[in-house]
Structure formats: C-alpha cells, structure tokens
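Protein chains: 2
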Amino acid sequence: MATKVNAVIGQSGGPTAVINQSLVGAVLELKRHPQVGSILGARHGVRGIINGDFIPLENTPADLLERVAQTPSAALGSTRDKPDEAYCQKILEAFKKHNVGYFLYIGGNDSADTARIVSEMADKAGHALHVYHIPKTIDNDLRTTDHCPGYGSAGRFVALALMGDDADNRSLKGVKIDVIMGRDAGWLTAATALARYDSTDGPHLIYVPEVNFNEDQFLGDVDRVYTKLGRCVIAVSEGIRYRAGDKASLVAERIMTGGEVDAHGNKQLSGTGALGDYLGELVKTKLGVALQAKTGGKLRVRADTFGYLQRSFPTIVSPADAAEARLCGHKAVEYALTSPQGLASGSVAMKRISEAPYKIEMFPTALTNVARLTKPLDTGFVVKGCDINETYLKYARPLVGELFRPGRLI
Amino acid sequence: MATKVNAVIGQSGGPTAVINQSLVGAVLELKRHPQVGSILGARHGVRGIINGDFIPLENTPADLLERVAQTPSAALGSTRDKPDEAYCQKILEAFKKHNVGYFLYIGGNDSADTARIVSEMADKAGHALHVYHIPKTIDNDLRTTDHCPGYGSAGRFVALALMGDDADNRSLKGVKIDVIMGRDAGWLTAATALARYDSTDGPHLIYVPEVNFNEDQFLGDVDRVYTKLGRCVIAVSEGIRYRAGDKASLVAERIMTGGEVDAHGNKQLSGTGALGDYLGELVKTKLGVALQAKTGGKLRVRADTFGYLQRSFPTIVSPADAAEARLCGHKAVEYALTSPQGLASGSVAMKRISEAPYKIEMFPTALTNVARLTKPLDTGFVVKGCDINETYLKYARPLVGELFRPGRLI
C-alpha cells in the first residue's frame, strides 16, 4: 500500500468572484483519492506556506464548502508576494517538512511562475512533488488558455454596470467616463461592449491599453459622439497608455503625483479616482464651451472608477464561469495525480471546441506556457482606436452569460 | 357622460433602480379609468412639459411596459430643473393647452415642491387639476413616509458591495475606504451596516453627514480597528461635514479645487473620486509609519467611490422595494381620481403597520408635508460617531430584502 502524502492548496493575486469555486473543486477532488492525506489550505498563499500557516480542509463540512464556492474573493486569503529563488527554497523546505506531494496554486501568470520555480527546484532536489497551477484572473491575460476563470464574471459585472450607466446617462444626459480595471490588458474593458443592444447604446467609446491613447483623438471622438447623440458614455481601461514608437507610458502614472508601487514594481492604479477625474477635467476644459454652444445646456461631465466591485461583488456571477472555475479545480487534481502527457506539473487550460453550442475542453499544459508572459487583447478586435468589434463579442458572449434586456421608452 | 381629460406623468431628479416601477404602476392604473383620455409621458420631466415634448403611453404594449419596469433609471428621461413660479406658470399653460386634468410627478422633495406650486397655481387659476407626487429617492430623506421607493434597492446594492469588499479586504489586508452617495443624508451609507454577520466583518467604521467629521477622531478610529484586526473597511458618505457650532462645511468641498455647482446651488460630489483619494492619503500620511510598525507589512490603503452604480445597476433590486414602487404608482392615480380625505392633490406616503411580518400601508398626505424640507438620518442610530446600531438594522432589513450569506474559512 502506497504511503499517503499531503496536498497544499493556495490562492494568490487579486481575487475574483469564482476563485473559491476552483478551491472547492480541488478540495472535493482531493478528498476522492486515498493516496492524499491531509489537505492543507495555505493562509495567504505562499506566505502561509513558508510560515507553516495552514488550515486543514479535509473535514470542512460540505455545506460550508458550497457557501465558500459561492463567495467572491480568496477564502484562504491571498498574497501579492512574488517569490524569488530563496523564497521558493523556503517553500520547498516547508513541503518536505509537511510531507507534501501535491501543490495546487490558484492564480495568474506570476503564480504560474512561482509554481514553475518550485516544481523545478523539487525536481533538482529529488523531492517528489506534483505542482498544478489553476488559472484565475479577471484580466483574462493568461497564455495558452482560450480564456481565464474569473473573467466571465467580471465581464458580466462591467457589462451590466455599463447597461445601467447608459440608462442613467440617457435619462440625465452628459459625458460619462467609466474607468475599468486592467493595467496591461484591455480584455475587461472590452467586455463593456456587451452592454449594447442598438446603435445609440453606450458605451459609445472604448479605450484599451493595447492601443495608443492620444488626447486630441479622444477629444475628437467625444465631440463627434456628443454632437450626434447629445450624450457620450465612455469605457476606459485604467491602463491606457501614450505610445511613441517603442515607448509607452501610462496616462494614470503621468497624472498621478506620488502613489504607491507594488512588489512587482507596478504603480497602483486601482483604488484611486485620479484617471477618471483627469479625463473628466480634460473634456470639461477642452470641449465644455464648444459642446455647450452646440447643444444649449451646460455640459455635464462625470467619472466613475469601478474599483474592486468588479472583482468582488457577490451574486453577479456568470454561470459558465462558475462551472468552469469549479472544473479547473477538479482537473488540476486529476492531472497532478495522473501526470497526463508526462506532465507531473503543469497548468490547466481551456480550448473552445464548439461555438454553438458553446463548449470547452480542458487540457494540461506546461507551466512555461503560462508563467511570466501575458496575452494582450487582440488589437484585431479594436476599431479605430475607440471601439470593439463583433468578433470579440462572439468570443465573449458565452463567457459572461445571458445579460439583462432593458426596456426603453425614449 | 363626463368629458375625458388627459394625464401627464413625469420623472425627476436622480434615477433609481425602481423608478420605472412607479411609472408603469401609474400608467396601468390610469388605463383602467374611462375618465382618463391620453396618458402623456413628459420627456425629461418638467422640461418636456413646457416644450410640449410628450410620449403617448396609453398604447404601449404590456410586455414593453414590464421590461421598462425592470429597467433602472428614468425611462421617460429625467431633469435637474427646479422650476420657479414663472416656470410653473408655463407648466400650467401647457396643461391647459393639452387638456390635462391629472399630473403625476415621480421624484424627491424638490419635485414635491414643484407639484405643490403647480397645484396651488391651478387652484388660483380655476383650472381643475389633480396633482400627485410619487416618492422616489435612494437618499430616503423624504418626510412623512416611513421610507422611500428606491432606497431599498440602493441599500441592497451598497450592502452587497460592502460584503464583497470586506471579503476582498479579508483576503488582501489593508485599509479600504468606500465612498457612498448621500449629500445631506446618511441613510444610504447606514445601509452598508447590513453587510455584517459577525464582529470581525466590515464595514468597521461608518461616517454619515449628520454627525461631525473630525479628522483626528477618524484617524484614531482607523488606528484602533487596524491594530485589532490588521485591516479596516470604512464606509463614508460623500456628504460628511466638519461641524463647529451651527456651521457645517462639506469635507469634499474643502478639498475640491474647482468642481461643478448644480441648479440647486449644490457642489457636485458624485462622479469624482476626490474625497476617497483625500481620506486615503490622510490615512497613509498620518498613520502609515505607525501602522506599519505595528503589523510588519507595508500599509495598503485603497479608496473606491461607488458612484452611479448605486442607483442604476440592473438586476440588484430589493423585491419589497420594487413592489412598493409599483404600488405607489397605482395609489397616486387612485388618490388623484378620488381625492381621499379631500386631497385633490398630494403625495403618496407609507406607514409601517407591522414589523413581523413586515407590512406597510399607503396613505395620501398633503404636498406641504413632503415638499422642500428633508428628513436626515436619525442620529439615535449612530454610535460613537463611527457606527450604526441594531435599531437601524431592524428598520432597514425588510427594505433591502434577504442578502447574500458568505462562506468563510479564515
């Protein structure tokens, strides 16, 4: 009879509405396999591992697990730590100490890289360890996979938010700027395009980080839409950039004085209204007089920064996203235990095998195919630098699920 | 046989998630009465009336009306116009011209005042006009009524938002500041207290406009909570004020350079992240070093301003609120047609007649009981200037409906 080994599971990076589905999927699958001993939930990801701060999960009641699965945000706690080799060495030592043979890590590309380093170190040290990364990010920017668990629900939130905000703007006209999460990738901002049913619906303009942001062009776009409709709803990524040749600089960084830099050297963009306020002022200052003259009334300009609601609002969950996140947890354990295609370690990825009906298939992929690098929004989806096309919408609709259908009188 | 007269219905002020329920309730009730001729929807409230800009509603298909009822934001368009006597004179002239005998106006205290002026002018001019105000405001600040249609759904949104945000903060610890709508009244901010299930749940601190905002006290509160829990979630009204004797000044106004003033002479507070960013900076600057020393890690401070999502997000609707808003529309028409208690004109109000089960009764009240003045949050609900007590929670629970129950592992 084989000796039992323990499993560690952790969550990392920005939470999503369905990250706990993956956690619960993995825990339930781990419980099905007799070769797995304890299931150790690491508090706050890798930090919990090196501190020996674990929660035993094998006896967690089924009804609590189900409630956890429905709850947004990382139930085990998350971390922004990005381990270097020395840190990973400590992880490996903790795994030896706690007799850990399986490590499941739910996170984005940085977490996949942590998984890769730990896995390679274990191989070198001759420690039998199967490491599986479970993809998670509202940014949808992981390579190899068709899309990422967490994206569909965040996309659903921003699409619904824009529907409501467009109705609000239709009722009290003006220019409305909504700032959406996504430092490097415009995927989430693109999802706001799903809010539209007809040609007068907002968002009327959409700006993503993958395309140069030019203020004159932006003002020209706003002028054009406002002159036509008497109003203008704009979705803009927090990560929009000025580009010149190879150089790119964040609009938000240029306008922010001070501000915070995270462990990855990135300036904090979320949790501040600075970009929205800057763009609002720009419109007021540069277009206020002209647009007032065109339409009679005083130009009303507002900006909202959606912030953390996008990733943590309860009850706004895409059914497909929740089911896929759960299944990713199951599959990660299955792959870790069976090493399909010789992959003792790897990441779970999704392939779209049918469009109508929408159907995906999961497969294991090497950690090097997911770690570090990211996948930007395909600029083929972007129209004239300020809109998103039907090709993207076809890709995204099944991910966010059926949306609300507004009724209109004007 | 009595001659038919026409009815005008309009919507005013900031939209809510259920303002169209009242519209649809009134339209359906108007259609039941043979003495009513055309049902004229005024585009953008009083502005549509003086411009003769009406949408005939008597033949609107039932399924479209139902979709409209489910859609947030004012389906007829809204207005911020606050009519003076001359403006009201034009309204009356339009009513004469279009043979209008019933005027239903959905809005807050300013709209009730418009209704009052128009009603009094009509009486003086000998024009037979029944004017009924239908209450609507996420601010919950109308006098006479137990609560206002629109409040329950907005309260539901902010309570759910805080639940999600608290889970997010539990997962990635730090100080989080959420700025909630409510220039003068703390009712909506108070509703964030519904997000809590146990003593470690956020929001840990709640600040409303009715109580003096003292920065030293605020910093002391944050220090206390953070030292105890290693994190702190704060809900703060956009309308918090510094008070000294009889004088009060908005914190947001003091820190904002420039900014916009509306038709009522109020500075625009929503649609900007300035207050949240200011409070975040205050915490970082004044407490950063001390709190870092206490807890080891770098102090993480974020601020989100919920903005228009609070009043216009589709699908987040309190069932009781939707039903009451619909019934208010029906009742307004019933009262306008029957002049109960001799009130040919008035406003619809609600009285709570039972707590368990929750039950309300509608009644007509004079426009003077609702117009102009507002009802602040009872400061008896406020604890130590930074929290909300159980008495408020009992009042509010049936209004927002059953909330999400999170599952937790840490």
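Quick mapping for you: the protein sequence lines, in order, are chains B and D.
Mapped onto the working numbering, the consecutive letters of the first sequence carry residue numbers 1 to 410.
Mapped onto the working numbering, the consecutive letters of the second sequence carry residue numbers 411 to 820.
Note that beta-carbon positions come from the ideal geometry of N, C-alpha and C, so glycine has one too.
Being a predicted model, the structure only gives us computed values, none of them experimental.
Residue environment: B:SER339 is assigned as exposed (fewer than 16 neighbouring CB atoms within 10 Å of its CB, all protein chains considered). Out of B:ALA191, B:GLY174 and B:LEU282, the CA that lies nearest to the CA of B:ARG156 is found in B:ALA191.
Beta-bridge analysis with DSSP links B:GLN11 to B:ILE106.
Less than 8 angstroms divides the Cβ of B:PRO376 from the Cβ of B:ALA185.
Shown here, D:SER483 sits in coil according to DSSP, grouped into three states, outside any helix or strand. Inter-segment contact for the stretch 705-715 of chain D and the stretch 392-410 of chain B is absent: fewer than three beta-carbon pairs are separated by less than 8 angstroms. For B:GLU361, same chain residues with a beta-carbon under 6 angstroms away, outside a window of 5 residues either side, are LYS351 and ILE353 in chain order. For B:HIS133, the pairing in a beta bridge is given by DSSP as B:TYR105 and B:SER347. For a Cβ distance threshold of 9 angstroms, nothing in chain B lies close to D:GLN445: the least Cβ distance comes to about 24 angstroms. Where B:THR227 is concerned, the enclosing alpha helix (DSSP H) starts and stops at 215-229.
Chain-order list of chain D residues neighbouring B:SER73: GLY574, ALA577, ASP578, ARG580 and SER581, by C-beta distance under 8 angstroms. Between D:ALA525 and D:TYR515 the beta-carbon gap is near 5 angstroms, inside 8 angstroms, which marks them as a contact. DSSP, read as helix, strand or coil, puts B:ASP304 in strand. With at least 16 other beta carbons inside 10 angstroms of its own, B:GLY45 counts as buried. The stretch 142-158 of chain B and the stretch 117-129 of chain B do not touch, with fewer than three beta-carbon pairs separated by less than 8 angstroms. Counting only runs of 4+ residues, the alpha helix (DSSP H) found wholly inside the stretch 552-604 of chain D occupies 561-581 and 597-600, in chain order. One Cα belongs to B:ASN20, the other to B:THR79, and the distance between them is close to 15 angstroms. Taking a 10 Å sphere around the C-beta of B:ASN169, we find 16 or more other C-beta atoms and assign the residue as buried. In chain order, ARG43, ILE55, ALA75, LEU76 and GLY77 make up the part of chain B whose C-beta sits under 8 angstroms from the C-beta of D:ILE820.
By alpha-carbon distance to D:VAL635, the top candidate from D:ALA452, D:GLU625, D:PRO613 and D:ARG653 is D:PRO613. For the stretch 413-427 of chain D, the residues whose beta carbon sits under 7 angstroms from a beta carbon of chain B are, in order, PRO425.
Of the candidates D:ASP631, D:VAL589, D:VAL699 and D:ALA703, D:VAL589 places its Cα closest to the Cα of D:TYR718. The stretch 58-65 of chain B and the stretch 93-101 of chain B do not touch, with fewer than three beta-carbon pairs separated by less than 8 angstroms.
For B:LEU309, the nearest beta carbon of chain D is closer than 8 angstroms to its own beta carbon. Scanning B:THR368, B:PHE381 and B:ALA325 for the CA closest to the CA of B:ASN109 turns up B:THR368.
Using a Cβ-Cβ cut-off of 8 angstroms, D:ASP687 counts as an interface residue toward chain B, since at least one Cβ of chain B sits closer than that to its own. In the DSSP annotation of this structure, the continuous segment of the alpha helix (DSSP H) that includes D:CYS738 starts and ends at 729-748. Across the set B:ARG397, B:ARG231 and B:LEU188, the C-alpha of B:ARG397 shows the shortest separation from the C-alpha of B:GLU355. Remark: C-beta atoms of B:VAL251 and B:THR189 do not approach each other more closely than 8 angstroms. Secondary structure note for D:THR775: its beta strand (DSSP E) is the uninterrupted segment 769-775. B:SER22 and B:PRO149 do touch by the CB rule: their CB atoms are close to 6 angstroms apart, below 8 angstroms. For B:ARG80, the C-beta contacts it makes with chain D under 8 angstroms involve LEU582, in order along the chain.
Within chain B, the C-beta atoms nearer than 7 angstroms to that of D:LEU474 come from GLY407, in chain order. When DSSP states are grouped into helix, strand and coil, B:TYR207 belongs to the strand group. According to the DSSP assignment, B:LYS247 belongs to the beta strand (DSSP E) that extends over 247-250.
LYS708, ARG710, VAL711, ARG712, ALA713, ASP714, THR715, PHE716, GLY717, TYR718, LEU719, ARG721, SER722, PHE723, PRO724, THR725 and ILE726: these are the residues of the stretch 697-731 of chain D whose beta carbon lies less than 9 angstroms from some beta carbon of chain B, given in chain order.
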